[in-house]
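Input: a single structure, listed below in structure tokens.
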Amino acid sequence: MKDERPDRTARAVRSPLPHDAATLHVTGAARYVDDIPVPAGCLHMAFGLSEIARGTITAMDLSAVRSAPGVRDVITAGDLPFANDVSPSAHDEPLLADGEVFYFGQPVFAVVADSHLAARKAVRLARIDYDAQTPILTIDDALAADSRFEEGPRVYAKGDADGAIAAAPRRVEGSMEIGGQEHFYLEGQAALALPQEDGDMVVQCSSQHPTEIQHKVAEALGLPMHAVRAEVRRMGGAFGGKESQGNALAVACAVAAARTGRPCKMRYDRDDDFVITGKRHDFRITYRAGHDDDGRILGLEFVQYCRCGWSQDLSLPVADRAMLHAENAYHLVDVRIESHRLKTHTQSATAFRGFGGPQGMIPMERVIDEIAHALSLDPVEVRRLNYYRAAAQSAEGGAAPATPAAPLPRDISGQKKVHDALPDDIASRGALGEVVEPAAGRVAASGEQTTPYHMPVTDFILHEMTDRLCQSADYTARRAGIEAWNAQSPILKKGLALTPVKFGISFTLTHLNQAGALVHVYQDGSIQMNHGGTEMGQGLFRKVSQVAASRFGLDVDRVRITATDTGKVPNTSATAASSGSDLNGMAVKAACDTIRDRIAAFLAEKDGVDAATVRFEDGAVITGAERYDFAEAVRLAYLGRVSLSATGYYRTPDIVWDRIRGEGRPFFYFAYGAAVTEAVVDTLTGEYRLLRTDILHDAGASLNPAIDIGQIEGGYIQGTGWLTTEELVWDAEGRLRTHAPSTYKIPACSDRPDLFTVTLWDGENFADTIYRSKAVGEPPFMLGISSFLALSDAIAACGPGYPALDAPATPERVLAAIQRVRAA
Amino acid sequence: MYNFDFERPKSVADAVKALQTEEAQPLGGGQTLIPTLKQRLAMPSKLVSLAGIDEIKGVCKDDQNRLCIGGGTVHRVIAEKAMSEGFPGLTGLASKIGDPAVRNRGTIGGSLANNDPSACYPAAAMATGATIVTDRREIAADDYFKGLFETALEEGEIITEVKMPIPEASAYMKFEQPASRFPLVGVFVARFSDRVGVGVTGASESGVFRWTEAERALGSDFSADAVKGLSVPADGMISDLHGTAEYRAHLVGVMTRRAVAAAQ
Numbered sequence: 001m002k003d004e005r006p007d008r009t010a011r012a013v014r015s016p017l018p019h020d021a022a023t024l025h026v027t028g029a030a031r032y033v034d035d036i037p038v039p040a041g042c043l044h045m046a047f048g049l050s051e052i053a054r055g056t057i058t059a060m061d062l063s064a065v066r067s068a069p070g071v072r073d074v075i076t077a078g079d080l081p082f083a084n085d086v087s088p089s090a091h092d093e094p095l096l097a098d099g100e101v102f103y104f105g106q107p108v109f110a111v112v113a114d115s116h117l118a119a120r121k122a123v124r125l126a127r128i129d130y131d132a133q134t135p136i137l138t139i140d141d142a143l144a145a146d147s148r149f150e151e152g153p154r155v156y157a158k159g160d161a162d163g164a165i166a167a168a169p170r171r172v173e174g175s176m177e178i179g180g181q182e183h184f185y186l187e188g189q190a191a192l193a194l195p196q197e198d199g200d201m202v203v204q205c206s207s208q209h210p211t212e213i214q215h216k217v218a219e220a221l222g223l224p225m226h227a228v229r230a231e232v233r234r235m236g237g238a239f240g241g242k243e244s245q246g247n248a249l250a251v252a253c254a255v256a257a258a259r260t261g262r263p264c265k266m267r268y269d270r271d272d273d274f275v276i277t278g279k280r281h282d283f284r285i286t287y288r289a290g291h292d293d294d295g296r297i298l299g300l301e302f303v304q305y306c307r308c309g310w311s312q313d314l315s316l317p318v319a320d321r322a323m324l325h326a327e328n329a330y331h332l333v334d335v336r337i338e339s340h341r342l343k344t345h346t347q348s349a350t351a352f353r354g355f356g357g358p359q360g361m362i363p364m365e366r367v368i369d370e371i372a373h374a375l376s377l378d379p380v381e382v383r384r385l386n387y388y389r390a391a392a393q394s395a396e397g398g399a400a401p402a403t404p405a406a407p408l409p410r411d412i413s414g415q416k417k418v419h420d421a422l423p424d425d426i427a428s429r430g431a432l433g434e435v436v437e438p439a440a441g442r443v444a445a446s447g448e449q450t451t452p453y454h455m456p457v458t459d460f461i462l463h464e465m466t467d468r469l470c471q472s473a474d475y476t477a478r479r480a481g482i483e484a485w486n487a488q489s490p491i492l493k494k495g496l497a498l499t500p501v502k503f504g505i506s507f508t509l510t511h512l513n514q515a516g517a518l519v520h521v522y523q524d525g526s527i528q529m530n531h532g533g534t535e536m537g538q539g540l541f542r543k544v545s546q547v548a549a550s551r552f553g554l555d556v557d558r559v560r561i562t563a564t565d566t567g568k569v570p571n572t573s574a575t576a577a578s579s580g581s582d583l584n585g586m587a588v589k590a591a592c593d594t595i596r597d598r599i600a601a602f603l604a605e606k607d608g609v610d611a612a613t614v615r616f617e618d619g620a621v622i623t624g625a626e627r628y629d630f631a632e633a634v635r636l637a638y639l640g641r642v643s644l645s646a647t648g649y650y651r652t653p654d655i656v657w658d659r660i661r662g663e664g665r666p667f668f669y670f671a672y673g674a675a676v677t678e679a680v681v682d683t684l685t686g687e688y689r690l691l692r693t694d695i696l697h698d699a700g701a702s703l704n705p706a707i708d709i710g711q712i713e714g715g716y717i718q719g720t721g722w723l724t725t726e727e728l729v730w731d732a733e734g735r736l737r738t739h740a741p742s743t744y745k746i747p748a749c750s751d752r753p754d755l756f757t758v759t760l761w762d763g764e765n766f767a768d769t770i771y772r773s774k775a776v777g778e779p780p781f782m783l784g785i786s787s788f789l790a791l792s793d794a795i796a797a798c799g800p801g802y803p804a805l806d807a808p809a810t811p812e813r814v815l816a817a818i819q820r821v822r823a824a
Numbered sequence: 001m002y003n004f005d006f007e008r009p010k011s012v013a014d015a016v017k018a019l020q021t022e023e024a025q026p027l028g029g030g031q032t033l034i035p036t037l038k039q040r041l042a043m044p045s046k047l048v049s050l051a052g053i054d055e056i057k058g059v060c061k062d063d064q065n066r067l068c069i070g071g072g073t074v075h076r077v078i079a080e081k082a083m084s085e086g087f088p089g090l091t092g093l094a095s096k097i098g099d100p101a102v103r104n105r106g107t108i109g110g111s112l113a114n115n116d117p118s119a120c121y122p123a124a125a126m127a128t129g130a131t132i133v134t135d136r137r138e139i140a141a142d143d144y145f146k147g148l149f150e151t152a153l154e155e156g157e158i159i160t161e162v163k164m165p166i167p168e169a170s171a172y173m174k175f176e177q178p179a180s181r182f183p184l185v186g187v188f189v190a191r192f193s194d195r196v197g198v199g200v201t202g203a204s205e206s207g208v209f210r211w212t213e214a215e216r217a218l219g220s221d222f223s224a225d226a227v228k229g230l231s232v233p234a235d236g237m238i239s240d241l242h243g244t245a246e247y248r249a250h251l252v253g254v255m256t257r258r259a260v261a262a263a264q
């Protein structure tokens with residue numbers, strides 16, 4: 001039965017229903033890991049941390065730790081029974097330092113005690129001697145030492161960038177520093193391990209990737225994966241910080257639980273969370289662009305220097321994605337992107353909303369802005385001029401014709417079979433092996449516009465979105481108004497910027513684009529739904545429950561959402577890459593349809609009608625001859641011995657990617673958005689405020705407009721925080737000095753723009769996604785770039801120079817930029 | 001926290017007596033000291049709470065037109081009384097310290113005794129030429145502040161009162177570090193009939209100071225323009241993760257001009 005219309009049967013989707021746990025959240029009744037009642041005798045853990053950034057441990061005296069009150073066990077690397085590794089990729093990340101330390105804050109030993117406080121007090125009693133070495137901390141340090149991951153820089157290229165730039169009549173070039181970002185999830189990292197009979201282990205964790213937890217715990221205990229079950233009901237925020245960073249706690253708890261036979265729990269204190277866990281990668285990106293007198297970019301070259309920290313973690317795919325978004329929304333014919341993945345003695349930078357995309361994208365927007373400044377053009381005009389061409393058919397006109405799959409032009413050399421190429425962390429984005437299926441790929445027909453990685457762009461809607469946003473935000477009139485206002489305001493200067501986002505949706509590790517679901521219909525007509533995605537506040541469970549309700553023609557309250565559980569749905573991918581509802585929505589739909597078809601076939605036979613005509617709507621099943629209440633239909637099906645439980649499975653079609661060559665179709669589709677931000681800058685101090693923001697964002701045909709708008713608002717604010725107030729500072733010893741809210745500033749309610757309007761684009765996804773919706777988790781984060789460029793625009797009103805602002809644009813940096821543009 | 005004894009005397013005399021124990025420490029509103037104890041950065045043998053001493057609480061005006069503030073008076077009360085006694089500049093300062101919880105617990109005596117380099121009151125004390133009254137003597141503000149967290153107070157000496165000459169016009173301007181909301185730089189400007197005082201907090205490595213060059217310029221012309229060409233050297237300013245010495249030096253000039261403009 002094919003039914004994609006948002007008609008009455010699908011009324012649950014498209015509804016702006018609140019988050020499924022909203023009431024629980026605001027009443028404090030929502031259970032997080034630390035809220036789960038623990039069995040008697042539960043022990044608590046804390047890590048002892050390295051106090052230098054690089055060196056060899058020469059002596060470790062833990063006698064005072066062992067004899068501290070309440071301490072039951074102390075674990076060092078030598079005590080670990082099996083693998084000492086919590087890496088999601090290269091097996092280069094020991095749970096506990098083994099002789100050498102690689103960053104300030106690295107876990108060196110673990111304490112197991114009667115209480116959280118006893119464990120934390122005990123770790124401070126350790127006496128560790130080090131033979132300290134000079135750490136490699138900065139991008140410059142790493143370049144000088146040639147300290148890097150992979151053998152050398154990765155290069156993706158199309159055409160002849162160097163030649164095109166040389167031949168261009170005009171050029172801009174420069175360099176931009178882009179800071180990292182702490183995730184600052186409200187719920188810190190936490191895990192609880194519960195030993196079971198016969199050596200099995202159950203782990204309650206705050207993780208975006210329960211399968212990864214299951215895998216790492218099994219590895220650490222020397223067990224097959226079937227002996228370990230990981231469960232996640234919800235996280236209090238994750239933002240990528242719980243894709244791999246929860247491994248250490250879960251593994252430590254499991255090892256301790258196996259040693260002691262007692263439940264073991266661990267949660268990081270906030271300062272420890274800052275100091276131990278990885279953050280967004282900081283970058284330096286240099287650019288060289290050739291353009292013409294109209295602002296058309298003729299050739300462009302980026303060199304990206306990415307600070308990865310001490311272990312590989314997810315850095316390679318993060319750096320890849322930075323390359324894959326280096327052109328953002330602009331069609332570049334001659335382009336070259338070079339990426340250096342630098343290894344330093346700092347926290348291992350990890351996934352963070354956008355996964356390198358934001359860092360890759362912002363220099364492109366800088367280039368456009370700088371060209372517009374050089375030519376005294378409105379940046380929006382330069383953007384339009386360089387945009388990809390519009391999709392053949394507009395979104396309002398319906399879906400573009402499906403593009404037939406065609407083989408790649410040549411074999412991808414060096415491809416290997418799965419079991420040869422992949423390390424055993426195959427469910428992580430950190431896995432390197434790539435299975436390329438040439439038959440699934442397609443290449444550009446001649447004349448087709450392609451990305452720098454040779455993927456055709458066929459769904460581009462930013463021309464229409466820009467037009468509509470300029471209109472709704474009154475862009476042109478306000479631009480003129482701001483110019484006039486600035487002319488009579490010597491101290492305060494306003495700025496305005498519109499920036500677009502084009503974000504690729506899919507895991508770039510192709511095989512991760514799969515998902516499973518398990519749906520049960522009970523005799524009373526109630527439904528329990530489970531899938532591989534995790535809930536971190538983003539509303540995934542609500543959206544997917546709306547899908548399930550729609551498939552059965554029911555209201556959502558008939559569908560029970562349950563915790564993500566590796567025992568129910570195995571081999572899941574991380575809830576990451578914005579893919580949660582795309583993948584799990586489809587898997588749940590498949591499971592529901594299987595059950596629905598069984599019920600339909602049974603009732604159709606009973607009533608002597610064609611099964612295809614049986615409808616599920618308004619809480620009823622209608623065969624034409626009869627109308628059954630859904631619960632009655634289910635009861636009859638049960639009595640008729642029809643199975644009312646089913647699994648569902650989905651894999652994203654039409655994607656293929658060779659990350660070494662930088663060729664293929666890594667993304668199923670693109671999500672789009674644009675934001676206009678107006679800011680005012682105090683030219684005496686560099687302080688600023690956001691005055692007004694208008695956003696038009698493409699969530700396809702939204703599954704839930706309320707939740708999607710919430711994601712867009714939150715993404716924009718978080719992106720703005722990254723580029724404005726959130727500054728990470730390490731000292732010369734490699735110690736992170738910003739490790740608490742007293743020193744690290746995330747945006748608060750009072751920092752949001754005074755006027756803040758978010759509108760959803762009213763088109764639907766050209767690609768065949770769940771109810772034609774689009775992923776919405778990460779793309780709006782990059783709308784925050786409009787805040788950054790609004791500040792830059794305000795600074796540019798102070799003098800003739802180009803601001804060339806670095807990120808984050810702290811007041812001090814803004815003031816320095818004002819002084820620079822005045823001096824120019 | 002380490003263990004300590006606790007006393008809550010009712011009079012200054014009893015408090016002084018209680019403080020004669022070695023390593024005993026007076027406790028004002030506890031807004032700095034309690035977190036310090038929690039982090040085990042201090043280990044007093046005994047805490048002597050001043051919160052029960054009514055004689056050091058309250059605000060009044062004396063016959064020399066000075067605002068006399070009891071050392072145990074909390075910021076919220078100071079903010080209210082300073083306004084009704086004609087000292088709105090002090091109201092502006094006191095009403096923006098920390099948050100409501102801090103303002104209902106923290107005291108002026110505690111703040112001045114602690115002399116945090118980013119505290120607000122020292123700027124007002126310096127600018128107005130306040131007198132710090134203790135259980136045993138009176139100390140002029142110029143002689144009282146001795147650097148970061150250093151004051152002229154002796155062991156066991158208690159601030160019982162602060163006498164601030166009420167200026168004809170005054171204002172306090174601070175540039176807040178956005179995460180902690182402590183001033184990166186704070187400037188208090190006070191205009192009297194015969195002089196102008198400028199107190200600067202948060203900026204210098206040697207603690208609160210009077211910007212005498214600005215005082216002279218403003219003495220003859222109390223306008224923002226009068227200090228436009230002046231600047232403090234970056235040398236000796238605090239440089240840390242929240243701002244460089246150059247930025248702080250720059251902000252001293254800006255905050256001074258703002259305070260002058262606000263006071264007019």
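Order-wise, the sequence lines are chains A and B. Per full-length UniProt numbering, the very first residue in the first sequence carries number 1; after that it's consecutive. Per full-length UniProt numbering, the very first residue in the second sequence carries number 1; after that it's consecutive. Even for Gly, the Cβ is constructed at its ideal location relative to N, Cα and C.
Return helix, strand or coil for residue i, following the three-state DSSP convention.
i       : result
M364(A) : helix
Q177(B) : coil
N486(A) : helix
R689(A) : strand
G608(A) : coil
W730(A) : strand
V12(B)  : helix
With residue i as the anchor, note down where its beta strand (DSSP E) starts and where it stops.
i       : result
T623(A) : Per DSSP, T623(A) belongs to no beta strand (DSSP E) and is neither H nor E.
Q528(A) : 527 to 531
K121(A) : K121(A) -> not in any beta strand (DSSP E); alpha helix (DSSP H) instead, spanning 116 to 123.
Please work out which residues of its chain come closer than 6 Å, Cβ to Cβ, to residue i, disregarding the five sequence neighbours upstream and downstream, and give them in chain order.
i       : result
R170(A) : H291
D369(A) : P379, L789
A794(A) : K493, K494, G495, A679, V681
Is residue i near residue j, with beta carbons less than 8 Å apart?
i       : j       : result
F667(A) : I505(A) : yes
F149(A) : Q312(A) : yes
A68(A)  : D98(A)  : no
A576(A) : D334(A) : no
P452(A) : K158(A) : yes
Just to confirm the assignment, what range does the alpha helix (DSSP H) spanning residue i have?
i       : result
N104(B) : 100 to 105
K81(B)  : 75 to 84
D140(A) : 139 to 145
Sorted by chain position, which residues of the same chain lie with C-beta nearer than 8 Å to residue i's C-beta, five sequence neighbours on each side aside?
i       : result
A740(A) : R270, D271, F274
Problem - Every unbroken alpha helix (DSSP H) within the segment 218 to 289 of chain A, with a cutoff of 4 residues, ordered by chain - result: Those alpha helix (DSSP H) runs which fall completely within the segment 218 to 289 of chain A and span 4+ residues are 247 to 260, 270 to 276.
Practice task
Pick out the complete alpha helix (DSSP H) segments inside the segment 473 to 518 of chain A, 4 residues or longer, and give them in chain order.
Solution key: Taking only runs of at least 4 residues, the alpha helix (DSSP H) segments lying wholly in the segment 473 to 518 of chain A are 475 to 487.
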